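**Q**
Number of protein chains: 2
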Amino acid sequence: MPNQDPSDPIVVWHDHAVTRADREQLAGHRGCVVWFTGLSGSGKSTVANAVDRLLFERGVRTYLLDGDNVRHGLNATPQILAERYGDEFARRFGLGFGQQDREENIRRVGAVAKLMCDAGLITLTAFVSPYRSDRDAVRASMDAGDFVEVFVDAPLDVCESRDPKGLYRKARAGEIKDFTGVSAPYEAPESPELQLAAGSATPDELARQVIAHLESAGILS
Amino acid sequence: MPNQDPSDPIVVWHDHAVTRADREQLAGHRGCVVWFTGLSGSGKSTVANAVDRLLFERGVRTYLLDGDNVRHGLNATPQILAERYGDEFARRFGLGFGQQDREENIRRVGAVAKLMCDAGLITLTAFVSPYRSDRDAVRASMDAGDFVEVFVDAPLDVCESRDPKGLYRKARAGEIKDFTGVSAPYEAPESPELQLAAGSATPDELARQVIAHLESAGILS
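Here the protein sequences line up with chains F and W, keeping their order. Counting in our numbering, the final residue of the first sequence is number 221, and the numbers go up one at a time with none missing. Counting in our numbering, the final residue of the second sequence is number 1221, and the numbers go up one at a time with none missing.
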């Protein structure tokens, strides 16, 4: 029990705070961030979901951050924010498609992933995140070994032929500008922790490669 | 195993994604957000840390968001962001002390807490969060029952006599402007899920009241 002075019931307990090491011990594995990057249609979300499922079946504590769960909240568009907060607020903090917006999008995701890592979760993120500097800024914000960059490497023509959301077709038609791989660059990682040949293997095979890496890195035992 | 078409190895697996219900079943308890609000010096952080410790000892999955872990990352100041991202970016996204900044501070914390709730964590937050509208916006973003507002209610004179960080002294000396309770309002919750008499009980007693509430609300069994 902490030391308490009855004359001052609010004692600073910071020494008794639950630490990352405590949470990891309870979980039975380390926290980390597994950052999937690659072209639209490369299979990032599919592989990340498959990894999530395999880890879940092992009782591992995980979470998956992707466009689906950040787009309406943390990284909401100006249009969404304007309804509750007004136009000026929405213009400042809402995230559209400009360069600053893109950088801030990845910065916020990185900051949340870092917090989830601190909570002892194996945190999976699935975003195109095409710029090396944006990904490297997230890596630099974290402790060594906590950031596991996974390059989901599928050839552009394979991604474009899959075109799961019809985005390549729109980009080729000029309906989307600055589209990664078509009218904006994709900067492949120079030394990712893991590179997946995502044009020629099943999601299940790729997911097992990720798990094997986490084991060999000592994150999972 | 999911259905796979070997001619197109990247199959949409969204049906197999791990759900919140899955994560909660694995954890053995529900996720939620326990939002501590109150004056500086009321004991928010102390009680939240005590709750965190008690839950940890029961094997519950938790996390605590407070100024210590968001101030340098997710909600970094303009000064911190300027180093890496430049001045224009820092002015737009960095959070200082203006009204918009304060609203965005709480909005981002709320969005992250909601994600952590979805991850099956009992997520504790400890911020003064003096404005009702800011707290209510977080509540409105979440499902019914997920947001547990805890008013850490200690009289101003008690908080000021504790003055753990010397902030009241500075505020009275005019060195801090718009300081909650001195030169800016604190809007107490009108119907919080729980109100703690934090001027007259020990942190341990108050923490046990929070745990009892979580049990009676069916979040913990």
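A virtual CB, placed ideally from N, CA and C, is assigned to each residue, including glycine. In this text, all values refer to a predicted model and were calculated from it rather than measured experimentally.
For A119 (chain F), which residues of its own chain have a beta-carbon under 7 Å away from its beta-carbon, when the five flanking residues on both sides are left out?
**A** In the first sequence, the residue the question calls residue 119 (chain F) occupies position 119. Excluding residues within five positions, the ones whose Cβ falls inside 7 Å are R23 and G31.
**Q** Listed from N- to C-terminal order along the chain, which residues in the stretch 1089 to 1107 of chain W have their beta-carbon within a distance smaller than 8 Å of any beta-carbon of chain F?
**A** F1089, R1092, F1093, Q1100, E1103, E1104 and R1107
**Q** How would you label T1019 (chain W), buried or exposed, when you count the other beta carbons within 10 angstroms and need 16 or more for buried?
**A** Translated into the one-based positions of the second sequence, residue 1019 (chain W) becomes position 19. Under this definition T1019 (chain W) is an exposed residue.
**Q** Assuming L196 (chain F) is part of the beta strand (DSSP E), what are its boundary residues?
**A** Taking the first residue of the first sequence as 1, we reach residue 196 (chain F) at position 196. For L196 (chain F), the enclosing beta strand (DSSP E) starts and ends at L194 to A197.
**Q** Does any residue of chain W bring its CB to less than 8 Å from the CB of V112 (chain F)?
**A** By 1-based counting over the first sequence, the position of residue 112 (chain F) is 112. With 8 Å as the cut-off, V112 (chain F) counts as an interface residue toward chain W.
**Q** Can you confirm whether G59 (chain F), when its beta carbon is compared against all beta carbons of chain W, has any partner nearer than 8 Å?
**A** The sequence position of residue 59 (chain F) within the first sequence is 59, counting from 1. Yes, its Cβ sits closer than 8 Å to a Cβ of chain W.
**Q** Given this structure, state the Cα-to-Cα distance separating A1217 (chain W) from E1187 (chain W), to the nearest angstrom.
**A** Here the question's residue 1217 (chain W) lines up with position 217 in the second sequence. Here the question's residue 1187 (chain W) lines up with position 187 in the second sequence. Their Cα atoms are separated by approximately 25 Å.
**Q** What did DSSP end up calling E1190 (chain W) once you bin it into helix, strand or coil?
**A** Along the second sequence, one-based indexing puts residue 1190 (chain W) at 190. Here E1190 (chain W) sits in coil by DSSP.
**Q** At which residues does the alpha helix (DSSP H) containing I1080 (chain W) begin and terminate?
**A** As a first step, residue 1080 (chain W) is located in the second sequence; it is residue number 80 there, counting from the start. I1080 (chain W) -> alpha helix (DSSP H) spans P1078 to Y1085.
**Q** Give a yes or no on whether the C-beta atoms belonging to G94 (chain F) and V138 (chain F) are separated by under 8 Å.
**A** Here the question's residue 94 (chain F) lines up with position 94 in the first sequence. Here the question's residue 138 (chain F) lines up with position 138 in the first sequence. Result no, Cβ atoms of G94 (chain F) and V138 (chain F) do not sit closer than 8 Å.
**Q** For a quick check, are the C-beta atoms of E149 (chain F) and E193 (chain F) less than 8 Å apart?
**A** Against the first sequence, residue 149 (chain F) aligns to sequence position 149. Against the first sequence, residue 193 (chain F) aligns to sequence position 193. For the 8 Å CB-CB criterion, E149 (chain F) and E193 (chain F) form a contact.
**Q** Give the range of the alpha helix (DSSP H) segment to which V18 (chain F) is assigned.
**A** Taking the first residue of the first sequence as position 1, residue 18 (chain F) is located at position 18. Here V18 (chain F) belongs to no alpha helix (DSSP H), and DSSP marks it neither H nor E.
**Q** Evaluate R58 (chain F) with the Cβ neighbour count: other Cβ atoms within 10 Å of its Cβ, from every protein chain shown; 16 or more gives buried, anything less gives exposed.
**A** Start at 1 with the first residue of the first sequence, and residue 58 (chain F) comes out as number 58. Its Cβ having fewer than 16 others within 10 Å, R58 (chain F) is exposed.
**Q** Kindly list, in the order they appear in chain W, the residues whose Cβ is closer than 7 Å to that of S141 (chain F).
**A** Sequence index remark: in the first sequence, residue 141 (chain F) carries index 141 (1-based). By Cβ distance, chain W contributes G1073.
**Q** Please list, in chain order, all residues of the same chain as S183 (chain F) whose beta carbon is under 7 Å from its beta carbon, the five residues on each side excluded.
**A** Here residue 183 (chain F) corresponds to residue number 183 of the first sequence, with the count starting at 1. Within the same chain, S183 (chain F) has close Cβ partners A171 and K177.
**Q** For K1114 (chain W), count neighbouring C-beta atoms within 10 Å of its own C-beta (all shown protein chains included) and say buried if the count is 16 or more, exposed if not.
**A** Here residue 1114 (chain W) corresponds to residue number 114 of the second sequence, with the count starting at 1. Under this definition K1114 (chain W) is a buried residue.
**Q** In this structure, how does DSSP classify D1153 (chain W) when only helix, strand and coil are distinguished?
**A** The residue labelled residue 1153 (chain W) in the question sits at position 153 within the second sequence. D1153 (chain W): strand per DSSP, three-state reduction.
**Q** Are there 16 or more other CB atoms within 10 angstroms of the CB of G1181 (chain W), so buried, or fewer, so exposed?
**A** The residue given as residue 1181 (chain W) occupies position 181 in the second sequence. G1181 (chain W) is buried by the Cβ-count criterion.
**Q** Alpha carbon to alpha carbon, what distance is there between L196 (chain F) and D1087 (chain W)?
**A** Start at 1 with the first residue of the second sequence, and residue 1087 (chain W) comes out as number 87. Start at 1 with the first residue of the first sequence, and residue 196 (chain F) comes out as number 196. In a straight line, the C-alpha of D1087 (chain W) is about 37 Å away from that of L196 (chain F).
**Q** Check I122 (chain F) in the structure and name its three-state DSSP category.
**A** Counted from its first residue, the first sequence places residue 122 (chain F) at position 122. It is a strand residue.
**Q** Distance check for D136 (chain F) and I219 (chain F), CA to CA, integer angstroms please.
**A** On the first sequence, residue 219 (chain F) is found 219 positions in, with the first residue counted as 1. On the first sequence, residue 136 (chain F) is found 136 positions in, with the first residue counted as 1. Rounded to whole angstroms, I219 (chain F) to D136 (chain F) spans 21 Å at the Cα level.
**Q** Starting from the Cα of G145 (chain F), find the closest Cα among F:W35, F:R61, F:R84 and F:R169 and give me that residue.
**A** For this step, residue 145 (chain F) is matched to residue 145 along the first sequence. It is F:W35 whose Cα lies nearest to the Cα of G145 (chain F).
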